[in-house]
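The sequence shown begins at 7 in the working numbering and counts up one residue at a time.
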Amino acid sequence: MNRVALAGNPNVGKSTLFNALTGLRQHTGNWAGKTVATARGTYTYEGQEYQLIDLPGTYSLAAHSQEEAVARDFIQSGQADGVVVVCDATCLERNLILVLQVLELTGKVLVCVNLMDEAERLGVQVDLPALSQRLGVPVVGTAGGRQDGLEELKKAVAALVRSEAPAVPERAPGERVTLAERYADQVVRSRSAQRLRRQRRIDHLLTSKATGIPLMLLLFGLVVWLTVAGANVPSALLTELFARVGTVLEGWLVGSPDWLRGLLLDGVYRVTAWVVAVMLPPMAIFFPLFTLLEDLGYLPRAAFVMDHAFQRAKTCGKQCLTMCIDYTILH
């Protein structure tokens with residue numbers, strides 16, 4: 007069986023492609039010695055069976071987090087017959103940094119530029135042959151949500167596992183960034199220059215040293231305030247509802263032994279009612295707001311802003327998102 011690793015940044019449609027290729031022939035588990043979840047699945051193409059290993063989504067292979075360490079170790083181990091790096095056609099420059107890092111670990115790489123339909127909607131065009139020529143590896147375009155380009159992707163994967171290519175010499179981090187910017191400028195064309203300039207201004211505003219952290223604190227503070235303030239009313243209503251139901255249950259248990267009433271009312275019902283009334287409303291408000299920020303693309307920018315500070319504590323910027331979740335739930 008041919009084994010192919012699927013790598014890429016978060017939110018590039020990697021899981022959508024994985025599900026489209028493998029269908030129901032997949033299973034999940036944890037990496038050995040790690041708590042990072044993994045998904046593996048199989049598909050058949052031209053009589054050959056291929057196993058896809060969905061690596062954790064990561065922006066880098068610098069091994070500052072468990073996800074990065076797992077992805078880097080698996081690619082470097084040579085267990086895969088090839089690596090497919092999934093990129094977002096709407097923000098190719100950021101994704102190319104990971105592509106260049108993977109190419110330093112193995113030459114058997116296929117670049118899959120996904121979300122081509124979304125790029126077309128935004129007026130962005132990617133010259134795939136030119137990108138392939140600059141990277142020195144095959145490049146295919148897909149739209150995973152519409153399942154466009156899957157046959158071409160399968161054909162390219164079949165050719166990938168039969169190929170032989172050496173890894174490139176390791177580059178300095180600054181050199182990778184410069185190279186990614188140059189390649190993106192050479193192969194990406196936008197019919198909506200004004201929209202692209204506006205997007206770049208927003209990116210600069212959200213990630214610059216002067217405004218990035220104040221805006222992040224303001225935005226996360228707003229999310230926490232909306233969660234706490236908005237949860238008060240439904241929490242009070244649920245508390246009142248559960249109190250009325252508890253009164254009815256007390257009436258039903260009149261004459262029963264004290265230990266039974268204590269077990270059912272104080273031990274089971276009231277504890278469960280308190281957890282639901284107190285925890286459910288803020289979670290029902292906070293997680294949709296956090297999901298909205300993720301869909302808008304802000305969370306990766308927040309992680310980027312905090313990465314330098316968190317590296318001093320031997321961790322990565324993504325931990326600020328976890329801290330925000332913990333703080334909101336505890337308060």
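Idealized CB from N, CA, C, for every residue including glycine. These figures come from a predicted structure and were not determined experimentally.
Residue(s) in a DSSP beta bridge with residue i
i: residue 56; result: 8 and 49
i: residue 14; result: 92
i: residue 116; result: 90
Beta-carbon gap between residue i and residue j smaller than 9 Å
i: residue 90; j: residue 104; result: no
i: residue 294; j: residue 240; result: no
i: residue 167; j: residue 275; result: no
i: residue 158; j: residue 147; result: yes
i: residue 98; j: residue 137; result: yes
i: residue 311; j: residue 156; result: no
i: residue 58; j: residue 13; result: no
i: residue 256; j: residue 269; result: no
i: residue 162; j: residue 123; result: no
i: residue 135; j: residue 116; result: no
i: residue 15; j: residue 118; result: no
i: residue 230; j: residue 326; result: no
i: residue 251; j: residue 279; result: yes
i: residue 291; j: residue 245; result: no
Cβ neighbour criterion (16 or more within 10 Å) applied to residue i
i: residue 67; result: buried
i: residue 73; result: buried
i: residue 107; result: buried
i: residue 38; result: Note that residue 38 has pLDDT 47, beneath the 50 cutoff, so the model's placement of it is unreliable and the number below is only indicative. Residue 38 is exposed by the Cβ-count criterion.
i: residue 100; result: buried
i: residue 88; result: buried
i: residue 285; result: exposed
i: residue 318; result: exposed
i: residue 306; result: buried
i: residue 222; result: buried
i: residue 328; result: exposed
i: residue 324; result: buried
i: residue 180; result: exposed
i: residue 47; result: buried
i: residue 29; result: exposed
i: residue 214; result: exposed
i: residue 320; result: exposed
Q.
Give the list of continuous beta strand (DSSP E) stretches no shorter than 3 residues that lie fully inside the region 190-272.
A. 194-196
Q | Residue ranges of each alpha helix (DSSP H) within the region 118-194, 4 or longer | A | 122-127, 134-141, 156-168 and 179-193
Q) Does the region 117-133 come close enough to the region 45-55 that 3 or more CB-CB pairs lie under 8 Å? A) no
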